[in-house]
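>
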Amino acid sequence: MGVSSGKSVYARHGNGPYRRNDPRTAPPVLRTRCRIRLRACLIFLLLLASPAAADETFRIASFNVGLDREGPGLLYRDILRGEDTQIAAIIDVITAVSPDILVLQKFDFDHDFLALKAFAAQLKQDGPDYPHFFATLPNSGMFTGLDMDGDGYLGDPSDAQGFGVFTGSGGLAILSRFPIAQADVKDFSNFLWRDLPGAIPPHTDAGVFPSDAAFAIQRLSTTSHLDVPVLLPDGGRLLLWTMYATPPVFDGTEDRNGRRNHDETLFWLKYANGELPWQPDDFPFVLLGGLNLDPVDGAGRSDALLRLVSDPRVQDVQPTSNAGRLVSEQQGGVNNTHRGDPALDTADWPDQPGRPGNMRVDYVLPSADLNVINSGVHWPSDGSADAASTHRLVWVDIAF
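Using the UniProt record's numbering, you'd call the opening residue of the sequence shown number 1 and step up by one each time.
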């Protein structure tokens, strides 16, 4: 039994199954509703018959390429010549992994992006095409006119805002298959070290190191701290939080570099907490780059790094390689004293006593709301990546 709509297009209860057929044409409204229902049924059947739409997967990578030359323009020259074996090996590595978004560390900056454009053109010949890029002037090589390292001399690479032999030395660069929202990039590179909440600046018995005047202008970033929005095909955004930190060594008892390395990582925790003058946008992010610190091995202050990789807002999926473990065993030396899993290593450094050995110092840390389906450290067992860099490319696959 049902409730009548009161409209003539519906049969009444008295119109039983044995009444004669009505030869009249159905009213237009009924014909329209029938067509709509038929189309809906067909769409439903097609959906049942076809496989579910697969998530689109993007590969995001970080690679310290070590393309910091001894003077401006030299990297551009070497790329154009096409004879540099290191550049060729780097291109082979990138081509083998073929990331959709790639952040490079230690890539010399020039204001016209000549080196970066030439490098992308070389890649395109036999490898991935990156029509979009971003780079900005780094702190490395930005001279200050002051004695920033306390050695009593002026004008050496350690007296720049970040270690570098010329302006633009060893910067960050981003190559992407997807557009970059250039106008929305946040560049924190001029943020002063003294303004970071919870900072641990270097001191001696005489006071702040190396001097009040030097520390008053000392920027936190050795190279850059950047928040770069990438525009995804579905209309969404993915934020790249990236940096290259100072190695926590090559200093004195004041531990200037060790403290700075710690605070460069601490910056991201403060940024995520909303404790800085800038507020992070409400989009998924990937924190990636050269943090230049192993969580358990080597020199350095690991507190901020351990807090970062265990923070519930990020995922440390711990990319690995089989070759990293094999190489560590074969090389031995100081590697035998390490506590960390050598499969996580991303740098192949000298293994003699007093040297660092192989370590995990390069990271790709997606935000917790991203669906990570795979990850790895590109470390071919045939040693083909050795000619490219002492660092290995680290990648993560994310499904959107």
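Ideal placement from N, C-alpha and C gives every residue a C-beta, glycine not left out.
When DSSP labels each residue in this structure, what does Val185 get in the three-state scheme?
Val185: coil per DSSP, three-state reduction.
> Tell me whether Tyr153 sits in a helix, a strand or coil according to DSSP, three-state version.
It is coil, neither helix nor strand.
> Are Asn190 and Arg219 touching if we call contact CB-CB under 7 Å?
Yes; because the gap between Cβ atoms is below 7 Å, this pair is in contact.
> Figure out for me which residue from Pro353, His225, Leu154, His391 has the closest Cα to the Cα of Leu287.
The candidate whose alpha carbon is nearest that of Leu287 is His225.
> Here's the rule: buried if 16 or more other CB atoms are within 10 angstroms of the residue's CB, otherwise exposed. What is Ile398?
So Ile398 counts as buried.
> Taking its Cβ as the centre, do 16 or more other Cβ atoms sit within 10 Å of Tyr130, making it buried, or is it exposed?
It counts as buried.
> Could you check whether Asp303 and Val309 sit closer than 7 Å to each other, using their CB atoms as the reference points?
No; because the gap between Cβ atoms is not below 7 Å, this pair is not in contact.
> If you draw a straight line from the C-alpha of Ile87 to the C-alpha of Gly164, how long is it?
Cα to Cα, Ile87 sits roughly 20 Å from Gly164.
> Between Phe283, Phe133, Gly324, which has its C-alpha nearest Pro366's C-alpha?
Minimum Cα distance to Pro366 is reached at Phe283.
> Touching or not, the segment 351 to 371 and the segment 311 to 329, by the rule of three or more beta carbon pairs under 8 Å?
Touching, yes.
> Should the segment 151 to 166 be regarded as contacting the segment 201 to 208, the criterion being three or more beta carbon pairs within less than 8 Å?
Contact fails: fewer than three Cβ-Cβ distances are below 8 Å.
> Buried or exposed: which applies to Ser381, given that a residue is buried once 16 or more other Cβ atoms fall within 10 Å of its Cβ?
By the neighbour-count rule (16 or more Cβ atoms within 10 Å), Ser381 is not buried but exposed.
> Between the segment 376 to 393 and the segment 52 to 66, do at least 3 Cβ pairs fall closer than 8 Å?
Verdict: yes, contact present.
> By DSSP, does His338 sit in helix, in strand, or in coil?
Coil, per DSSP.
> Name, in chain order, the residues that DSSP records as bridge partners for Thr222.
In DSSP, Thr222 forms no bridge with anything.
> Can you grab the Cα-Cα spacing for the pair Ser50 / Asp78, in whole Å?
The predicted position of Ser50 is uncertain, since its pLDDT is 39 and thus under 50; no value can be drawn from it.
> Whose C-beta lies closer than 6 Å to the C-beta of Ala214 among residues of the same chain, with five residues either side of it excluded?
Closer than 6 Å at the Cβ level, and outside the excluded window around Ala214, lie Leu146, Met148.
> Within a Cβ cutoff of 8 Å, which residues of the same chain sit near Arg339, ignoring the five residues on either side of it in sequence?
Closer than 8 Å at the Cβ level, and outside the excluded window around Arg339, lie Val296, Asp297.
> Please determine, among Phe285, Lys270, Asp255, the residue with the shortest C-alpha to C-alpha distance to Val208.
If we check each option's Cα against that of Val208, Asp255 comes out closest.
> Spatial neighbours of Phe285 within its chain, please: C-beta separation below 6 Å, excluding the five flanking residues on both sides.
Hits under 6 Å: Leu239, Trp241, Ser367.
> Out of Pro319, Asp341, Gln318, which has the shortest C-alpha to C-alpha gap to Arg327?
Strictly speaking, residue 327 in this sequence is Val, with Arg absent from that position. Closest by alpha carbon: Asp341.
> At the level of alpha carbons, what is the spacing between Pro353 and Thr246?
Pro353 and Thr246: Cα-Cα distance of roughly 22 Å.
> Taking the beta strand (DSSP E) that Thr144 falls in, what are its first and last residues?
Note, Thr144: premise wrong, no beta strand (DSSP E); not H, not E.
> Please say whether Ile101 and His132 have beta carbons closer to each other than 7 Å?
No; because the gap between Cβ atoms is not below 7 Å, this pair is not in contact.
> In angstroms, rounded to a whole number, what distance separates the CA positions of Glu83 and Met243?
Rounded to whole angstroms, Glu83 to Met243 spans 30 Å at the Cα level.
> By the DSSP assignment, the beta strand (DSSP E) with Ile87 in it spans what residues?
No beta strand (DSSP E) holds Ile87; the alpha helix (DSSP H) holding it covers 85 to 97.
> Quick one: what's got a C-beta closer than 7 Å to Gln122's C-beta in the same chain, skipping five residues either side?
Contacts found: Ile79, Ile91.
> Residues in the same chain with beta-carbon distance under 7 Å from Gly16, minus the five sequence neighbours each way, listed in chain order, please.
Its pLDDT being 41, under 50, Gly16 is placed unreliably by the model, and nothing is read from it.
> Need the endpoints of the alpha helix (DSSP H) that Leu326 sits in, please.
Unbroken alpha helix (DSSP H) run through Leu326: 322 to 331.
> Where does the unbroken alpha helix (DSSP H) through Val309 begin, and where does it stop?
Per DSSP, Val309 belongs to the alpha helix (DSSP H) from 303 to 309.
> Alpha carbon to alpha carbon, what distance is there between Phe400 and Thr235?
Here residue 235 is Gly; the residue named in the question, Thr, does not match the sequence. For Gly235 and Phe400, the distance between alpha carbons rounds to 11 Å.
> Note down the Cα distance separating Gly333 from Trp349, rounded to an integer number of angstroms.
Spanning the two alpha carbons is a distance of roughly 11 Å.
> Just to confirm before moving on: does the CB-CB distance between Tyr76 and Ala115 stay below 7 Å?
Yes, the pair counts as a contact, with Cβ atoms nearer than the cut-off.
> Let me make sure I understand the geometry here. Which of Phe178, Arg59, Ser140, Asp294 has the alpha-carbon closest to that of Gly71?
Closest by alpha carbon: Ser140.
> Please report how far the alpha carbon of His111 lies from the alpha carbon of Asp212, in whole angstroms.
C-alpha separation (whole angstroms): 32 Å.
> Under 7 Å between the Cβ atoms of Val249 and Pro319?
Going by C-beta atoms, Val249 is not nearer than 7 Å to Pro319.
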